[in-house]
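K.L.:
Next up is a structure, given as structure tokens.
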Amino acid sequence: MNRILLSLTLIIIPVISIYAQEKKQVEATRTSELITIDGKLQETAWDETPQATNFTQYSPYNGKAPSEATHVRFLYDDNALYVGAFLEDHHPDQISKNLGKRDNFNLADYFGVYIDPYNDASKAYGFFVTSTGVQVDVKSTTYKDYRWDAVWESAVTHTPNGWSIEMRIPYSALRFSKAKNQEWGLNIERVIQRNREVSTWNYIDINTEGTNKQAGVLTGIVDVKPPVRLAFIPYMSAYAENESNENSYSIKGGMDVKYGINESFTLDMMLIPDFGQVKSDKERLNLSPFETYYGENREFFKEGMELFNRAGIFYSRRIGSKPVNAHKAYDMEDTAGVEVVEMPNSTQLINATKITGKTSKGLNIGILNAMSQTTHATVKDTITGKEEKVQVQPFTNYNVSVLEQSLPGNSFISLINTNVHRPSSNYTANVTGSEVRYEIKESIAVKGSASLSQRYTLDNPYGYTYWGEVERITGRFRFSLSHNTESPKFDPNDLGYLQSPDERSNRAEVSYSIREPFWMLLNWHNEISVNYNTMFDYHDFISTRINFSTRATTKNHLTFGLSSQIKPIMGYDYYEPRVDGYKFKTASWQNGSFWISSDYRKTFALDLRFGGWVANEYDQSGLWYSASPRLRLGDKFQLVYDFNGDNSFNSIGYIDNNSAEDSVVFGRRNYQKLENNINLDYIFTPNASLTFYLRHYWTKVNYDQFYLLNRDGTLTDYPAYNENEDINYNAFNIDLAYTWQFAPGSEMSLVWKNQILSETDEVINDFGRNLENTFTDLGKNSISIRVLYYLDYLQIKNAIL
277 MNRILLSLTL IIIPVISIYA QEKKQVEATR TSELITIDGK LQETAWDETP QATNFTQYSP
337 YNGKAPSEAT HVRFLYDDNA LYVGAFLEDH HPDQISKNLG KRDNFNLADY FGVYIDPYND
397 ASKAYGFFVT STGVQVDVKS TTYKDYRWDA VWESAVTHTP NGWSIEMRIP YSALRFSKAK
457 NQEWGLNIER VIQRNREVST WNYIDINTEG TNKQAGVLTG IVDVKPPVRL AFIPYMSAYA
517 ENESNENSYS IKGGMDVKYG INESFTLDMM LIPDFGQVKS DKERLNLSPF ETYYGENREF
577 FKEGMELFNR AGIFYSRRIG SKPVNAHKAY DMEDTAGVEV VEMPNSTQLI NATKITGKTS
637 KGLNIGILNA MSQTTHATVK DTITGKEEKV QVQPFTNYNV SVLEQSLPGN SFISLINTNV
697 HRPSSNYTAN VTGSEVRYEI KESIAVKGSA SLSQRYTLDN PYGYTYWGEV ERITGRFRFS
757 LSHNTESPKF DPNDLGYLQS PDERSNRAEV SYSIREPFWM LLNWHNEISV NYNTMFDYHD
817 FISTRINFST RATTKNHLTF GLSSQIKPIM GYDYYEPRVD GYKFKTASWQ NGSFWISSDY
877 RKTFALDLRF GGWVANEYDQ SGLWYSASPR LRLGDKFQLV YDFNGDNSFN SIGYIDNNSA
937 EDSVVFGRRN YQKLENNINL DYIFTPNASL TFYLRHYWTK VNYDQFYLLN RDGTLTDYPA
997 YNENEDINYN AFNIDLAYTW QFAPGSEMSL VWKNQILSET DEVINDFGRN LENTFTDLGK
1057 NSISIRVLYY LDYLQIKNAI L
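In structure tokens:
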């Protein structure tokens, strides 16, 4: 496989060339005048500095002139960079002025700048403002990370000829060197929603991957020094909770600290973290042999984490997760008269610290360390009534360290290590990995990673994985070839997430896209791929799949797509049996789906999706469907309802195993999932909003036949099995949150959370009766208020002096 990838690379490279776009330049002017951030551009200094203009469309008509002119100027002093812009608009009454929460454009017109202080295309900081004054900030690397937040000022003003913007970006929001003369990478972006038009100051070729490397240059910044970057963000929170009809009250306090170690490196620390107000997880019934993957909702572990994602060996939800030895407490219930009366859902963190930064030579360094305290469950002797504490996780230290060298042309090479250590149990787990990306003539990207895992136990098991890909990244026609190998003993799951090691996978993909308007379409994308998967031993075949998809957007902004997948031959599942030495012979099948999405700028929009599949064996089939209408009333209110369902008929899967009899029991089942989500947002001002989120997830599973699994993967009827394995599962959540940013970086939030989880073996087929039965469970209610205040060292110092 490696020889094939190398040969294709050597054949393709000589025939590929790319046009080098000249970079624009604009000069910033030093000012001693006090700039008032009111969006009016009234200071004389604005008239005395050069302007950036002559924008070019990125979409829909890449390379053509935009429909409206934009004029941007830059000033600076010893403390901040100032951006002033006037956005001409011949139809000011048609400017989209939807309000949104912070970091949400919400289909409003907007303007922003990308600043790359090292001018090496590896990382740019984006600062955007919508037509209603909502701030959006983003960190741009190989993807856009909107979870990054900075503290800066902005204001907008509307005029009969358009609208104007002023920004003050303090140097504390950026990281740059001590060089006397600064040259920063710069691009400027404007969006006019009524035309779905995106334009940029420095031209970006829509057929070339990577926007940072297609930026211009900001010059003229001289003799500015990186400031002391030190901020304290103390918080206080209070909770009133009710669970199983028992009330509890608590008050918590802690602090975040942000400290600029030098001009390039920053320390972020949480002392006594509190995550009680984070959005509820989407709980679901899991019948697979793998644990459920949950996204990260905690801000500290969302913001600025792109460096820690190298090699794919870090999963932040491991930090502060459910106690690792919870099973030891539940095993005690096998003893007559013992029950678990309290089991923590998470471990309490003592602190968490991040150090991130970049040297003048382009070396990125990241260190993340977190500590969780010893955690106990409570068990009760039901005969005597005596309760005792049982340790379910000892003190644990989590560490992630990363080194990444930026290379020319959006390329890099990195080294990452994750480590989990529990001193009291003498347990250590370590994973070391590396990831590389190298662009050849800006047309071919060669990517890869390799990792080695080890748990320091008596047998010291080693495991490894490696992945490689070559991909064409420019033009309408693109392709990629990739290979991945995971050894049987590779296990990063102490601080990572991997469903199953012991696997080899190969993928070939070809795509053809027209990204410029033609005929009745704005764009059209087509893709075909083939996957071939085996166990680590090539002789143990898993599956092969052929995938096809196409999607397009019409000129009236209706988007639709088709997809199909074929598994042409039967394969084997080595994980579903949950017992070594067994495998299950899986059916061949084919599926197809269709989806459509209307224009979100309208008062009413609708998303629809429908698909189905049919197997060639076991008389299996299924279908899935969803509908998501969205209603927008005025500029402040939006309601989105999302309904989706999934039905599988004659699905076959694991039920139980008997080690004494060396047997594995499978069952045939009909599976139906229904999920309803309601999202409601009301935006009072750019700094205050109310969000309501409701979710009801219902799954019912009916078994009608049972089998014994044979070692060759076939099934034998097992009529003697008479256990009731049916499942009726419900998850109900409400999250209601009012958020008010009362000062830059400072926030007050009032949150109500309600959660009900129920599971029985009595299937209820009526939706209304099932919902009514769900509400008989008392569940958990929580009302909390949290206030955090941003204290900047320089502001305090200046106020005192």
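Going by our numbering, the sequence shown opens with residue 277, and the numbers climb by one from there.
Using N, Cα and C, we set each Cβ at its ideal position, and we do this for glycine too.
Rounded to whole angstroms, what's the CA-CA distance from leucine 915 to lysine 878? Just pull it up for me.
P.N.:
Taking the sequence shown and counting its residues from 1, the one referred to as residue 915 is at position 639. Taking the sequence shown and counting its residues from 1, the one referred to as residue 878 is at position 602. The alpha-carbon atoms of leucine 915 and lysine 878 are separated by roughly 13 Å.
K.L.:
So is asparagine 998 buried or exposed if we call it buried at 16+ other beta carbons inside 10 Å?
P.N.:
Start at 1 with the first residue of the sequence shown, and residue 998 comes out as number 722. Looking at its Cβ environment, which holds fewer than 16 other Cβ atoms inside 10 Å, asparagine 998 is exposed.
K.L.:
For aspartate 1037, count the other beta carbons within 10 Å of its own beta carbon; 16 or more makes it buried, fewer makes it exposed. Which is it?
P.N.:
Locating residue 1037 in the sequence shown gives position 761, where the first residue counts as 1. Its Cβ having fewer than 16 others within 10 Å, aspartate 1037 is exposed.
K.L.:
Can at least three beta-carbon pairs, one atom from the stretch 933-944 and one from the stretch 963-973, be found at a separation below 8 Å?
P.N.:
Because the criterion of three Cβ pairs below 8 Å is not met, the stretch 933-944 and the stretch 963-973 do not touch.
K.L.:
For a test of the three-state rule: what should DSSP assign to glycine 638, helix, strand or coil?
P.N.:
For the purposes of this step, residue 638 is taken as residue 362 along the sequence shown, with counting starting at 1. Glycine 638 falls in the coil class under three-state DSSP.
K.L.:
Leaving out five residues on either side along the sequence, give the residues of the same chain with a beta carbon under 6 Å from the beta carbon of asparagine 1057.
P.N.:
Sequence index remark: in the sequence shown, residue 1057 carries index 781 (1-based). Answer for asparagine 1057: Asn518, Asn1030, listed in chain order.
K.L.:
Pull up the distance between the alpha-carbon of alanine 491 and that of glycine 837, whole angstroms please.
P.N.:
The residue labelled residue 491 in the question sits at position 215 within the sequence shown. The residue labelled residue 837 in the question sits at position 561 within the sequence shown. Approximately 32 Å between the Cα atoms of the pair.
K.L.:
Drop a sphere of 10 angstroms on the beta-carbon of arginine 466, count the other beta-carbons inside from all chains shown, and report buried for 16 or more, exposed for fewer.
P.N.:
Numbered from 1 along the sequence shown, position 190 holds the residue referred to as residue 466. Buried, since its Cβ has 16 or more Cβ neighbours within 10 Å.
K.L.:
Just the Cα atoms here: how many angstroms apart are tryptophan 322 and arginine 306?
P.N.:
Along the sequence shown, read from residue 1 onward, the residue named residue 322 stands at position 46. Along the sequence shown, read from residue 1 onward, the residue named residue 306 stands at position 30. So the alpha carbons of these two residues sit roughly 11 Å apart.
K.L.:
Can the beta-carbon of serine 475 be found less than 7 Å from the beta-carbon of proline 342?
P.N.:
Residue numbering aside, residue 475 sits at position 199 when the sequence shown is read from its first letter. Residue numbering aside, residue 342 sits at position 66 when the sequence shown is read from its first letter. Yes, the pair counts as a contact, with Cβ atoms nearer than the cut-off.
K.L.:
List the DSSP bridge partners of serine 440.
P.N.:
Taking the first residue of the sequence shown as position 1, residue 440 is located at position 164. DSSP, once it has assigned bridges, lists Phe362, Thr433 as partnering serine 440.
K.L.:
For tryptophan 439, count neighbouring C-beta atoms within 10 Å of its own C-beta (all shown protein chains included) and say buried if the count is 16 or more, exposed if not.
P.N.:
Position 163 of the sequence shown, counted from the start, is the residue given in the question as residue 439. Its Cβ being crowded by 16 or more others within 10 Å, tryptophan 439 is buried.
K.L.:
Just to confirm before moving on: does the CB-CB distance between aspartate 413 and alanine 400 stay below 7 Å?
P.N.:
The residue given as residue 413 occupies position 137 in the sequence shown. The residue given as residue 400 occupies position 124 in the sequence shown. No.
K.L.:
On the DSSP letters alone, give me the boundaries of the beta strand (DSSP E) that glutamate 344 sits inside.
P.N.:
Taking the first residue of the sequence shown as 1, we reach residue 344 at position 68. Unbroken run through glutamate 344: none, as it is neither H nor E.
K.L.:
Buried or exposed: where does isoleucine 1079 fall if 16 or more other Cβ atoms within 10 Å of its Cβ makes it buried?
P.N.:
Absent from the model: residue 1079. The displayed extent of the chain is 277 to 1077, so no value can be given.
K.L.:
Ignoring anything shorter than 3 residues, give me the beta strand (DSSP E) runs that lie fully in the stretch 974-1044, in order along the chain.
P.N.:
Correct list: 991-993, 1003-1019, 1022-1036.
K.L.:
Where asparagine 673 and leucine 351 are concerned, what is the direct C-alpha to C-alpha distance, given to the nearest angstrom?
P.N.:
Residue mapping note: residue 673 aligns to position 397 of the sequence shown, counting from 1. Residue mapping note: residue 351 aligns to position 75 of the sequence shown, counting from 1. So the alpha carbons of these two residues sit roughly 46 Å apart.
K.L.:
Using DSSP bridges, identify the partner residues of arginine 783.
P.N.:
Position 507 of the sequence shown, counting from 1, holds the residue named residue 783. The partner list for arginine 783 (beta bridge, DSSP) reads Ser758, Asn807.
K.L.:
Based on the DSSP output, what are the partners of aspartate 532 in its beta bridges?
P.N.:
As a working mapping, residue 532 is identified with position 256 in the sequence shown. Answer is Ile509, Met546.
K.L.:
Pairs of beta-carbons, one from the stretch 751-765 and one from the stretch 731-741, closer than 8 Å: are there three or more?
P.N.:
Contact between the stretch 751-765 and the stretch 731-741 is present, because at least three Cβ pairs lie under 8 Å.
K.L.:
Assuming asparagine 1006 and asparagine 1046 form a contact by the criterion Cβ under 8 Å, report the distance between their Cβ atoms to the nearest whole angstrom.
P.N.:
Taking the sequence shown and counting its residues from 1, the one referred to as residue 1006 is at position 730. Taking the sequence shown and counting its residues from 1, the one referred to as residue 1046 is at position 770. Their Cβ separation, rounded to whole angstroms, is 7 Å, which keeps asparagine 1006 and asparagine 1046 in contact under 8 Å.
K.L.:
Looking at the strands, I want to know which residues DSSP matches up with phenylalanine 647.
P.N.:
Start at 1 with the first residue of the sequence shown, and residue 647 comes out as number 371. It is methionine, not phenylalanine, that sits at residue 647 in the sequence shown. The partner list for methionine 647 (beta bridge, DSSP) reads Asn627, Asn673.
K.L.:
Please state if the CB of aspartate 544 and the CB of lysine 634 are separated by a distance shorter than 7 Å.
P.N.:
The count along the sequence shown starts at 1 and reaches residue 634 at position 358. The count along the sequence shown starts at 1 and reaches residue 544 at position 268. Cβ distance not < 7 Å, so lysine 634 and aspartate 544 don't count as in contact.
K.L.:
Can you confirm whether the stretch 1011-1026 touches the stretch 1062-1073 when touching is taken to mean that 3 or more C-beta pairs between the two stretches lie within less than 8 Å?
P.N.:
With a cut-off of 8 Å, the stretch 1011-1026 and the stretch 1062-1073 count as touching, because enough Cβ pairs lie within range.
K.L.:
Taking the alpha helix (DSSP H) that alanine 1075 falls in, what are its first and last residues?
P.N.:
For the purposes of this step, residue 1075 is identified with residue 799 of the sequence shown, where counting begins at 1. Unbroken alpha helix (DSSP H) run through alanine 1075: 1069-1076.
K.L.:
Does aspartate 800 come out as helix, strand or coil in the three-state DSSP assignment?
P.N.:
Residue mapping note: residue 800 aligns to position 524 of the sequence shown, counting from 1. Looking at the sequence itself, residue 800 is tryptophan, so the reference to aspartate does not match. Residue state, collapsed to three classes: strand.
K.L.:
Output the distance between the C-alpha atoms of tyrosine 528 and valine 855, rounded to the nearest integer angstrom.
P.N.:
Translated into the one-based positions of the sequence shown, residue 528 becomes position 252. Translated into the one-based positions of the sequence shown, residue 855 becomes position 579. The displayed chain sequence assigns lysine, not tyrosine, to residue 528. Rounded to the nearest angstrom, the two C-alpha atoms are 46 Å apart.
K.L.:
Between tryptophan 800 and alanine 628, what straight-line distance do the alpha-carbon atoms span, to the nearest angstrom?
P.N.:
Looking up residue 800 in the sequence shown gives position 524. Looking up residue 628 in the sequence shown gives position 352. About 45 Å.
K.L.:
With 16 as the cutoff for other CB atoms within 10 Å, does tyrosine 1120 come out buried or exposed?
P.N.:
Here the chain has residues from 277 to 1077 only, and residue 1120 is not among them.
K.L.:
Please confirm whether tyrosine 901 and arginine 560 have their CB atoms less than 7 Å apart.
P.N.:
Indexing the sequence shown from 1 puts residue 901 at position 625. Indexing the sequence shown from 1 puts residue 560 at position 284. No, the pair does not count as a contact, with Cβ atoms beyond the cut-off.
K.L.:
Can you tell me whether histidine 697 is helix, strand or coil according to DSSP?
P.N.:
To locate residue 697, count along the sequence shown from 1; it is residue 421. Histidine 697 falls in the strand class under three-state DSSP.
K.L.:
What is the C-beta distance between glycine 580 and tryptophan 424, in whole angstroms, given that I count them as a contact (C-beta under 8 Å)?
P.N.:
One-based indexing of the sequence shown puts residue 580 at position 304. One-based indexing of the sequence shown puts residue 424 at position 148. Right, the Cβ-Cβ distance comes to about 6 Å (below 8 Å), so this counts as a contact.
K.L.:
Nearest CA to the CA of leucine 956: which residue from Asp932, Pro764, Arg944, Lys912?
P.N.:
Looking up residue 956 in the sequence shown gives position 680. For leucine 956, the nearest C-alpha among the options comes from Lys912.
K.L.:
In the structure shown, what three-state DSSP assignment does lysine 949 receive?
P.N.:
On the sequence shown, residue 949 is found 673 positions in, with the first residue counted as 1. If DSSP states are grouped into helix, strand and coil, lysine 949 belongs with the strands.
K.L.:
Got a sec? Which residues, its chain only, sit under 7 Å from phenylalanine 886 by beta carbon, not counting five neighbours each side?
P.N.:
Here residue 886 refers to the residue found at position 610 of the sequence shown. Correct list, in chain order: Ser869, Phe870, Tyr901.
K.L.:
Who are the Cβ neighbours of proline 1080 in its own chain at under 8 Å, not counting the five residues just before and after it?
P.N.:
What the structure shows of the chain is the stretch from 277 to 1077, and residue 1080 is not part of that stretch, so it cannot be assessed.
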